[in-house]
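J.: Heads up: the sequence lines are chains A and B, in that order. Going by our numbering, the first sequence opens with residue 1, and the numbers climb by one from there. Going by our numbering, the second sequence opens with residue 1001, and the numbers climb by one from there. Cβ coordinates follow ideal geometry from the N, Cα and C atoms, glycine included. Have a look at this one before I ask anything.
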Amino acid sequence: MKPILIRCLLALFALGLPMLASAQQQGLEIDITGGSAQAMPIAVVPMPYQGSGTAPDTDVAAVIRADLDRSGQFRTLPERDIVERPTRGSEVQYPTWRALRQDFLVVGRVVDAGGGSYRVEYELFDVAKQERVLGLAMTARPNAMRDVAHQMADAIYEKITGVRGAFWTRIAYITQTGVGQSARYALIVADSDGHNPQTVVRSNEPLMSPSWSPDGRRVAYVSFESGNSAIYIQDITSGGRELVSSFRGINGAPAFSPDGRRLALSLSRSGNPEIYVMDLGSKALTQVTNHFAIDTSPSWAADGGSIYFISDRGGRPQVYQAPVSGGSATRVTFEGSYNADPSVSFDGKKIVVAQGSGNVYRIALLDRSLGSPRWSTLSPGSLDESPSFAPNAGMVLYAAREGRRGVLYAVSSDGRVRQRLVLADGDVREPAWGPYREQR
Amino acid sequence: MKMTTRLMLAAMLCTAAVACSKKVKEEAPVDTGPSTGTVAPTGPTAGAYTPGDLDSDACLRQRVVYFDLDQDNLRPEFQAVMACHAKYLRDRSAARISLEGHADERGSREYNQGLGERRGNGVSSALQANGGSAAQLAVVSYGEERPVCNDSNEDCWARNRRVEIIYTAR
């Protein structure tokens, strides 16, 4: 063959190859970097619409696959490799899935539920044991099909791993577009995979430190709209908000208590930033720290009796813990010359921080569930900050810089899988992972 | 005349000529960069500052103080700037200054709010040490939220570690 013909054919072949990983979704790009050989292989077969009306816009199986992949615990079979398309147990041929080396199989279908709603019926199979381990149905309006998919992913995740899934959750983050006088800031709430972003607040002045109430209905944040930092609590659905802290000096780092009735914050009204707890009913303040150092970034212990925070009383920021009722603070982090932005897991066993070493800042995890504390690094740096645990502590959301742009990453707590979420325009930062959307 | 006398006379004449011909140079306005700032107060020697001096006096036009990494102590080259602004506050009792403190982008945003405030407090203390009144001063920290540049390098970081002197009343 003539060389030019070979080159043409190669070019055509290259163009025909399927694109990898990246899915453009409503202003957020999601790329999966890294992976793990130990992740469990699972096939989630496309779920066809078997009704008589309009098919749903949502590809439920694709949403489930993306969730499971992002968790780091699973490796889903790509859709193009799914050679058979069963929709129910009676259509499943186990040898196919064993040949494809899958441990688990999910099949389902979407039918009409009446009144314009859909019902998704789905089943989970253990391929080796050749048995069904889950069979459920969920009903929803057309605009809630992504929520349904996330709840299905949660059920599958919990059935297999024994840990509650956190896919049906939301995240909050701050965005900035423009610079200097033309900078515009917003506080956004979105699904935990970045879909359905809604603007909660817009401002021409900086916004910081979003914090979720435990019922997921309100968010506390810092705003500079009045010319100094002040803390507001806003209802996400109604948009109504209350100014709760506007003292002289810094009003910063709000954090709702686990019972939602108190707010920890950092105030410098006495001359230097200290940790306080405010009773949200009476607005009464209790001072928790009393030291000339910078004390900030409070993070509650699950029992609401103590608060983790950072202090530079030892020279540079480290994590400390102090009882809410009063008493001395105990230092918690002893490795790394700079530890800040703590986020504590729901069971108190793990703390993630932004850890600095020279000019490099990475997300590090301190695991205290074993005898001696163990550190692991979850991100490569070099300007990573603001880590936030998912409510099941299986993943961590954090902010990173790429060139001149702020982006968010989600990383599994074992560090195996990292997924980038990027806003189409501008800078994204200060993510906060919201609570489970359903109380148990 | 003797040679030595002639030389001395010549030297004196030269010195006199230079002294008489020296012009008072207008200094570069406000932001002269992180490593400079040495300007002597050149206000009217007769007495008090007036609001017009804020726009014309070389020292008063210096409105940004820069800091080293993780530091909130004032570098010696900014002492003169403290002196002239403190004098302005003493001369103009209605004047008010807001000291806006900033930090570079590295590390925790919440901690950097504290660093920015420490720097603002440092400038406030220096102004008071030079005779300015605390009642005329306010400190606001923007942490790393209002950078003047967005590059992740030493030059940009140095420009962001600053306190800005903002006259809210002249």
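Of all Cβ atoms in chain A, is any one closer than 7 Å to the Cβ of Ser1125 of chain B?
T.: So no, Ser1125 of chain B is outside the interface.
J.: CA-CA distance, Gln419 of chain A and Arg70 of chain A?
T.: Gln419 of chain A and Arg70 of chain A: Cα-Cα distance of roughly 7 Å.
J.: How is the alpha helix (DSSP H) around Asp147 of chain A delimited, first residue to last?
T.: From DSSP, the alpha helix (DSSP H) with Asp147 of chain A extends over 145-161.
J.: With a cut-off of 7 Å, does the C-beta of Gly1120 of chain B fall near any C-beta of chain A?
T.: It does not: the Cβ of Gly1120 of chain B has no partner Cβ on chain A nearer than 7 Å.
J.: Can you tell me where the beta strand (DSSP E) holding Tyr173 of chain A begins and where it ends?
T.: Tyr173 of chain A -> beta strand (DSSP E) spans 169-177.
J.: With 9 Å as the C-beta to C-beta threshold (strictly closer), list the residues of the region 240-269 of chain A near chain B in chain order.
T.: Answer in chain order: Arg248, Gly249, Ile250, Gly252, Ala253, Ser266, Ser268.
J.: Pull out every residue of the region 303-326 of chain A whose Cβ sits closer than 7 Å to any Cβ of chain B, in chain order.
T.: Taking 7 Å as the Cβ-Cβ cut-off against chain B, the residues of the region 303-326 of chain A that qualify are Ile310, Pro317.
J.: Would you verify that the beta carbon of Ser1133 of chain B is, or is not, closer than 7 Å to some beta carbon of chain C?
T.: Reference to chain C is not applicable here, since the protein chains of this structure are A and B.
J.: Step through the CB atoms of chain A and report whether any lies within less than 7 Å of the CB of Val1140 of chain B.
T.: It does; some Cβ of chain A falls within 7 Å.
J.: Beta-carbon of Gly1052 of chain B versus every beta-carbon of chain A: anything under 7 Å?
T.: Closer than 7 Å: no.
J.: Say whether chain B places a C-beta atom closer than 7 Å to the C-beta of Ala340 of chain A.
T.: Judged by the 7 Å Cβ criterion, Ala340 of chain A is in contact with chain B.
J.: Could you tell me whether the Cβ of Gly381 of chain A comes closer than 7 Å to any Cβ of chain B?
T.: No, Gly381 of chain A lies away from the interface with chain B (no Cβ there is under 7 Å from its Cβ).
J.: For Gly240 of chain A and Ile233 of chain A, what's the separation of their Cα atoms in angstroms?
T.: One C-alpha to the other measures close to 9 Å.
J.: Return no unless some Cβ of chain A is closer than 7 Å to the Cβ of Glu1144 of chain B.
T.: No, no contact with chain A.
J.: For Val1139 of chain B, does the three-state DSSP call read helix, strand or coil?
T.: Residue state, collapsed to three classes: strand.
J.: Return the residues of the region 343-368 of chain A that lie within a Cβ-Cβ distance of less than 7 Å from chain B, sorted by chain order.
T.: Correct list: Ala354, Gly356, Asn359, Tyr361.
J.: What in chain B is Cβ-close to Arg210 of chain A, meaning under 7 Å?
T.: The amino acid at residue 210 of chain A is misidentified as Arg; the sequence shows Pro. In chain order: nothing, as chain B lies at least about 12 Å away.
J.: Hey, how far is the Cα of Ile363 of chain A from the Cα of Thr175 of chain A?
T.: If I take the Cα positions, the gap works out to 20 Å.
J.: Should Pro298 of chain A be labelled buried (16 or more other beta-carbon atoms within 10 Å of its own) or exposed?
T.: Pro298 of chain A should be labelled buried.
J.: Please classify Ala400 of chain A as buried or exposed, where buried requires at least 16 neighbouring CB atoms within 10 angstroms.
T.: Ala400 of chain A is buried by the Cβ-count criterion.
J.: For Val353 of chain A, list the residues DSSP reports as bridge partners.
T.: Val353 of chain A is bridged to A:Ala364.
J.: If you measure from the beta carbon of Asn204 of chain A to each beta carbon in chain B, is any gap under 7 Å?
T.: For Asn204 of chain A, the answer is no, since every Cβ of chain B falls outside 7 Å of its Cβ.
J.: By alpha-carbon positions, which one of B:Ala1048, B:Asn1112, B:Asn1160 ends up nearest to Val1064 of chain B?
T.: The candidate whose alpha carbon is nearest that of Val1064 of chain B is B:Asn1160.
J.: Tell me the rounded alpha-carbon separation between Gln198 of chain A and Ile42 of chain A.
T.: So the alpha carbons of these two residues sit roughly 32 Å apart.
J.: Starting from Glu402 of chain A, follow the beta strand (DSSP E) in both directions and report where the run begins and ends.
T.: Where Glu402 of chain A is concerned, the enclosing beta strand (DSSP E) stretches over 395-402.
J.: Tell me whether Ile1166 of chain B is buried or exposed, calling it buried when 16 or more other Cβ atoms sit within 10 Å of its Cβ.
T.: With fewer than 16 other Cβ atoms within 10 Å, it is exposed.
J.: Once DSSP output is grouped into helix, strand and coil, what is the label at Pro431 of chain A?
T.: Three-state DSSP puts Pro431 of chain A in a strand.
J.: Mind reading off the beta-carbon distance from Arg455 of chain A to Ala293 of chain A? Whole number of angstroms is fine, and I expect it under 8 Å.
T.: Shown here, chain A extends from 1 to 440; a query on residue 455 of chain A therefore has no answer.
J.: How about Gln1113 of chain B: is its C-beta nearer than 7 Å to some C-beta of chain A?
T.: So yes, Gln1113 of chain B belongs to the interface.
J.: Going by DSSP, what residue range makes up the beta strand (DSSP E) through Arg1096 of chain B?
T.: From DSSP, the beta strand (DSSP E) with Arg1096 of chain B extends over 1096-1102.
J.: Give me the residue from A:Arg202, A:Gln355, A:Val92, A:Met47 with the minimum Cα distance to Glu224 of chain A.
T.: Looking at the sequence shown, residue 224 of chain A is not Glu but Phe. The residue with the shortest Cα to Cα distance from Phe224 of chain A is A:Arg202.
J.: Which residue or residues does DSSP assign as beta-bridge partners of Val127 of chain A?
T.: Answer is none; Val127 of chain A lacks a bridge partner.
J.: Spell out a yes or no on whether the region 366-381 of chain A and the region 1128-1147 of chain B are touching, meaning 3 or more CB-CB pairs, one atom from each, closer than 8 Å.
T.: These segments do not touch.
J.: Excluding the 5 residues flanking Lys349 of chain A on each side, which residues of the same chain have their C-beta closer than 6 Å to its C-beta?
T.: For Lys349 of chain A, where only same-chain residues beyond five positions count, the Cβ hits under 6 Å are Arg368, Ser369.
J.: For Phe334 of chain A, does the count of other Cβ atoms within 10 angstroms reach 16, so buried, or fall short, so exposed?
T.: Exposed, since its Cβ has fewer than 16 Cβ neighbours within 10 Å.
J.: Please report whether the beta-carbon of Arg404 of chain A lies at a distance below 7 Å from any beta-carbon of chain B.
T.: For Arg404 of chain A, the answer is yes, since a Cβ of chain B falls inside 7 Å of its Cβ.
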